[in-house]
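Novice: Residue 7 is where the sequence shown starts when you use this note's numbering, and the numbers rise one by one after that.
Attaching a single structure in structure tokens format; questions to follow.
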Amino acid sequence: MDLYQELILEHSKRPVHAGLREPFDGQVHRVNTTCGDEVTLRVRLEGDRVVDVSYDALGCSISIAAASILAEQITGDTVAHSMDVYEATKEMLTSRGTIAGNEDVIGDSVALSGVSKYPARVKCALLPWTAYTAALAESLPDDSAHEILDSPALNTSITHATGGRP
């Protein structure tokens, strides 16, 4: 087992920031229609900082690990930088193995790089990120939220089960 596999396994067995916490500014529930993975994710902001990300995830080890890695990395970050991390992570995951991912930008999410070779599993790894961006948009003033929600990067087959904006 390589280091990346060990990291995914560790995050899936002992997820950090798991469990929904209050207070929160935005909450969404997302479902991966391909495999049934689900995540409910909450975001708490103070100014331009993400001060808390909490979640309840049900599903495969990849989606749970992705939620744990996301929450660990994004908590304490600026909103703008968190979106840069999202874009770089999405680029790596959707590259079908052609982009390794820059650990300096995406941190431990680089452990998910092997997932990019399996399109059905990419949705598992992106599920927490799509929930995060929607919860973030719900937390921001309308003008900022529209910029996030209108991003072409959010076009996925993951459904909006409850919460968030359509």
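For every residue, glycine included, the Cβ atom is placed at its ideal position computed from N, Cα and C.
Assuming His35 is part of the beta strand (DSSP E), what are its boundary residues?
Specialist: Locating residue 35 in the sequence shown gives position 29, where the first residue counts as 1. Taken as a continuous stretch (DSSP letters only), the beta strand (DSSP E) holding His35 covers Gly32 to Asn38.
Novice: Strictly by DSSP, which residues pair up with Ala24?
Specialist: Your numbering for residue 24 matches position 18 in the sequence shown. In the DSSP output, where bridge partners are listed per residue, Ala24 has Tyr61.
Novice: When the Cα atoms are used, what is the spatial distance from His17 to Thr40?
Specialist: Your numbering for residue 17 matches position 11 in the sequence shown. Your numbering for residue 40 matches position 34 in the sequence shown. If you take the alpha carbons of His17 and Thr40, they lie about 22 Å apart.
Novice: So, with DSSP's three-state summary, where would you put Thr46?
Specialist: Within the sequence shown, the letter at position 40 stands for residue 46. Note: Thr46 maps to strand in three-state DSSP.
Novice: Do the CB positions of Asp43 and Leu76 come within less than 8 Å of each other?
Specialist: Mapped onto the sequence shown, residue 43 falls at position 37. Mapped onto the sequence shown, residue 76 falls at position 70. It is not a contact, given that the beta carbons lie outside the stated cut-off.
Novice: Count Cβ pairs between the region 83 to 94 and the region 50 to 59 that sit closer than 8 Å; are there 3 or more?
Specialist: Enough Cβ pairs lie closer than 8 Å, so yes.
Novice: In the DSSP assignment, find the alpha helix (DSSP H) that holds Leu76 and state where it starts and stops.
Specialist: Position 70 of the sequence shown, counting from 1, holds the residue named residue 76. Per DSSP, Leu76 belongs to the alpha helix (DSSP H) from Ser67 to Ile80.
Novice: Going by DSSP, what residues sit across from Thr84 in a beta bridge?
Specialist: Counting from one through the sequence shown, the residue named residue 84 turns up at place 78. DSSP, once it has assigned bridges, lists Arg55 as partnering Thr84.
Novice: Which word fits Lys123, buried or exposed, when buried means at least 16 other C-beta atoms lie within 10 angstroms of its C-beta?
Specialist: Taking the sequence shown and counting its residues from 1, one reaches residue 123 at position 117. Answer is exposed; the Cβ neighbour count stays below 16.
Novice: From this set, Arg20, Ala73 and Tyr10, which residue's C-alpha is nearest Leu133's C-alpha?
Specialist: Taking the first residue of the sequence shown as 1, we reach residue 133 at position 127. For Leu133, the nearest C-alpha among the options comes from Ala73.
Novice: Alpha carbon to alpha carbon, what distance is there between Leu47 and Ala141?
Specialist: The sequence position of residue 141 within the sequence shown is 135, counting from 1. The sequence position of residue 47 within the sequence shown is 41, counting from 1. Distance between the alpha carbons of Ala141 and Leu47 is about 7 Å.
Novice: Rounding to the nearest angstrom, what Cα-Cα distance links Val34 and Ser115 in this structure?
Specialist: Mapped onto the sequence shown, residue 34 falls at position 28. Mapped onto the sequence shown, residue 115 falls at position 109. Looking at the two C-alpha atoms, the distance is approximately 21 Å.
Novice: Between Phe30, Asn108 and Tyr61, which has its C-alpha nearest Ala23's C-alpha?
Specialist: The count along the sequence shown starts at 1 and reaches residue 23 at position 17. Ala is not the amino acid found at residue 23; the sequence shown has His there. Checked all of Phe30, Asn108 and Tyr61; the closest Cα to His23 is Tyr61.
Novice: Is the separation between the beta-carbon of Gly113 and that of Gln79 shorter than 8 Å?
Specialist: As a first step, residue 113 is located in the sequence shown; it is residue number 107 there, counting from the start. As a first step, residue 79 is located in the sequence shown; it is residue number 73 there, counting from the start. Yes, they are a contact pair.
Novice: Alpha carbon to alpha carbon, how far is Val128 from Leu99?
Specialist: Translated into the one-based positions of the sequence shown, residue 128 becomes position 122. Translated into the one-based positions of the sequence shown, residue 99 becomes position 93. Looking at the two C-alpha atoms, the distance is approximately 6 Å.
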